[in-house]
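Here the structure comes first, spelled out in structure tokens, and everything after it is commentary.
In our numbering, the protein residues as written are 959 to 1154.
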């Protein structure tokens, strides 16, 4: 059985380095609290309305079996978003999720960060990656921006889960996506990583 083909050249990095990726730290709690206060829709990502809840979220994001990756704005050296994975090591799979501070939206930042993390997650451990083989995610059908991020990160739309979420008393369909080892690597520019 042959290994999946590699692209002729990997996606280029974002040379501006205005944003970097690194693991989430407990010291990111105040930035997480600020992000959750930035837009009403952040409440769908969890509870972080107090500094203690934000600390708990930072701890949750950085504890196994999760891999929380902070998106940093280098101008202020502060977290402005998260790309997260809840990992099932036995099956080498990950449930993928992401969010951004409202001020960081609309710039393609989530797409670049999601592509970077997905590419890294599906890279073999011998090549410095996390060695996962299957990633999946879902988003509300009425949230096309989230779907655009998924597609830019190389995810393929796989189906619909009808009326899965109950939000504010109304049922919402969820669009499901997947990406597996061997799928084409997206052309979306990657963000650089800080390993510290």
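Built from N, CA and C at the ideal position, the CB exists for glycine as well.
Check your understanding: For residue 1062 versus residue 1039, is the C-beta spacing smaller than 8 Å?
Key -> Taking the first residue of the chain shown as position 1, residue 1062 is located at position 104. Taking the first residue of the chain shown as position 1, residue 1039 is located at position 81. In this structure, residue 1039 lies closer than 8 Å to residue 1062 by Cβ.
Practice item. With a floor of 4 residues, list each alpha helix (DSSP H) that falls wholly inside the region 1004–1035, ordered by position along the chain. Key: 1009–1020
**Study point:** Residue interval of the beta strand (DSSP E) (run including residue 1052)
**Key:** If you number the chain shown from 1, residue 1052 lands on position 94. Run containing residue 1052: 1051–1058, per the beta strand (DSSP E) assignment.
Check your understanding: Quick one: what's got a C-beta closer than 7 Å to residue 901's C-beta in the same chain, skipping five residues either side?
Key -> Look at the range of the chain in this structure, 959 to 1154, and you will see that residue 901 is not part of it.
Check your understanding: Mind pulling the beta strand (DSSP E) runs of 3 or more residues that sit fully within the region 1073–1133?
Key -> 1092–1098, 1114–1125
Review point. With which residues is residue 1046 paired in a DSSP beta bridge?
Key: Taking the chain shown and counting its residues from 1, the one referred to as residue 1046 is at position 88. Answer is 1051.
Exercise for review: Let me know if residue 1009 comes out buried or exposed under the rule of 16 or more other beta-carbons within 10 Å of its beta-carbon.
Suggested key: Translated into the one-based positions of the chain shown, residue 1009 becomes position 51. Exposed, by the Cβ-count rule.
Review point. Cβ atoms of residue 1016 and residue 1041: under 8 Å apart, would you say?
Key: One-based indexing of the chain shown puts residue 1041 at position 83. One-based indexing of the chain shown puts residue 1016 at position 58. Taking 8 Å as the Cβ cut-off, residue 1041 and residue 1016 do not qualify as a contacting pair.
Practice item. Report the residue ranges of all alpha helix (DSSP H) runs contained in full by the region 977–1005; include only those spanning at least 4 residues, in chain order. Key: 987–995
Exercise for review: Could you say which of 1080, 1109, 1005 lies nearest to residue 1140 if we only look at CA atoms?
Suggested key: By one-based count along the chain shown, residue 1140 stands at place 182. Of the listed residues, the one whose Cα sits closest to residue 1140 is 1080.
Point to revise | Inter-residue Cα distance where the pair is residue 975 and residue 1032 | key: Mapped onto the chain shown, residue 975 falls at position 17. Mapped onto the chain shown, residue 1032 falls at position 74. Each residue's alpha carbon lies about 7 Å from the other.
Exercise for review: Can you give me the Cβ contacts of residue 1078 inside the same chain, cut-off strictly under 7 Å, excluding the 5 residues immediately before and after it?
Suggested key: Taking the chain shown and counting its residues from 1, one reaches residue 1078 at position 120. Around residue 1078: 1087, 1088.
Check your understanding: Are residue 1103 and residue 1135 closer than 8 Å when you measure CB to CB?
Key -> Stepping through the chain shown from its first residue, residue 1103 is reached at position 145. Stepping through the chain shown from its first residue, residue 1135 is reached at position 177. No, the pair does not count as a contact, with Cβ atoms beyond the cut-off.
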